[in-house]
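Q: Okay, handing you the structure first.
Chains as they are written, first to last, in the numbering used here: chain A, 828 to 941; chain B, 2 to 116.
Quick look at the structure:
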């Protein structure tokens, strides 16, 4: 069964550094998402991506964040200058289409900013 | 703005008990509702998905119900086992035509099943 993969599983970085989190969605999916979960808190929506552009973003997704799908398979989330409060689990998800039922989630990348 | 609430925040039961986890949402214009399981420090495992037109879904010892008009869903776990210990998350997806179909999550119910 196809699945969403994410790399790395755990990333440790220093405050102010740039990080790129990578996701390989299921190949026939059209909508892509990034969510994050700070330890002990809710899973929160960050951004959705459709037809090679951002379709919606939350208040969390400020100018420090960017997403792209550089080669038609990978889907990346970049944080330009990490802050301590960016420490969280980041989940990538995909949806095959508007009338598809289920979003498929990757296993997550744990980002630790020191 | 959709808000999802899960009660209780934590629940501890002896092995073998049946239990019910609750989820409520403020906007009934949903496309579907998903229940997930999350083990500590791990990802999200989808358990059950209920479309807005459905009343319930079953998978093994799990049964999820949906009352869209009242903004409620329940997850029933029969004959609980220690391996069921995890955090259970509820998430709703807005109806088609509303935004980008992203999920709104509750904070979860942390379940402990005592042997």
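For glycine and all other residues, C-beta sits at the position ideal for the given N, C-alpha and C.
(1) Looking at the unbroken beta strand (DSSP E) that takes in residue 892 (chain A), where does it start and where does it end?
(2) Can you pull the chain A neighbours of residue 107 (chain B), defined as C-beta to C-beta under 8 Å?
(3) State buried or exposed for residue 916 (chain A), treating a residue as buried only when at least 16 other CB atoms are found within 10 Å of its CB.
(4) With respect to the beta strand (DSSP E) encompassing residue 837 (chain A), which residues constitute its N-terminal and C-terminal limits?
(5) What does residue 19 (chain B) reach in chain A if we use C-beta pairs closer than 7 Å?
(6) Below 8 Å between beta carbons: does that hold for residue 874 (chain A) and residue 90 (chain B)?
(7) Would you mind telling me which residues of chain B sit closer than 7 Å to residue 835 (chain A), beta carbon to beta carbon, in chain order?
(8) Whole angstroms is fine: what's the gap from residue 55 (chain B)'s alpha carbon to residue 4 (chain B)'s?
(9) With residue 922 (chain A) and residue 856 (chain A) assumed to form a contact (beta carbons below 8 Å), what rounded beta-carbon distance in angstroms separates them?
A: In this structure, then:
(1) If you number the first chain from 1, residue 892 (chain A) lands on position 65. 892-895 is the span of the beta strand (DSSP E), which, as asked, contains residue 892 (chain A).
(2) On the second chain, position 106 is the one that residue 107 (chain B) refers to. The answer, in chain order, is 869.
(3) For the purposes of this step, residue 916 (chain A) is taken as residue 89 along the first chain, with counting starting at 1. With 16 or more other Cβ atoms from the protein chains shown falling within 10 Å of its own Cβ, residue 916 (chain A) counts as buried.
(4) Here residue 837 (chain A) refers to the residue found at position 10 of the first chain. Segment 837-840, the beta strand (DSSP E) holding residue 837 (chain A).
(5) Residue mapping note: residue 19 (chain B) aligns to position 18 of the second chain, counting from 1. Simply none; closest approach about 27 Å.
(6) Here the question's residue 874 (chain A) lines up with position 47 in the first chain. Here the question's residue 90 (chain B) lines up with position 89 in the second chain. With respect to the 8 Å criterion, residue 874 (chain A) and residue 90 (chain B) are not classified as neighbours on the basis of their beta carbons.
(7) For this step, residue 835 (chain A) is matched to residue 8 along the first chain. Those do not exist, as residue 835 (chain A) stays about 14 Å from chain B at its closest Cβ, beyond 7 Å.
(8) By one-based count along the second chain, residue 55 (chain B) stands at place 54. By one-based count along the second chain, residue 4 (chain B) stands at place 3. Near 21 Å, if we compare the C-alpha coordinates of residue 4 (chain B) and residue 55 (chain B).
(9) Within the first chain, numbered from 1, the residue matching residue 922 (chain A) stands at position 95. Within the first chain, numbered from 1, the residue matching residue 856 (chain A) stands at position 29. Correct: roughly 6 Å between the Cβ atoms.
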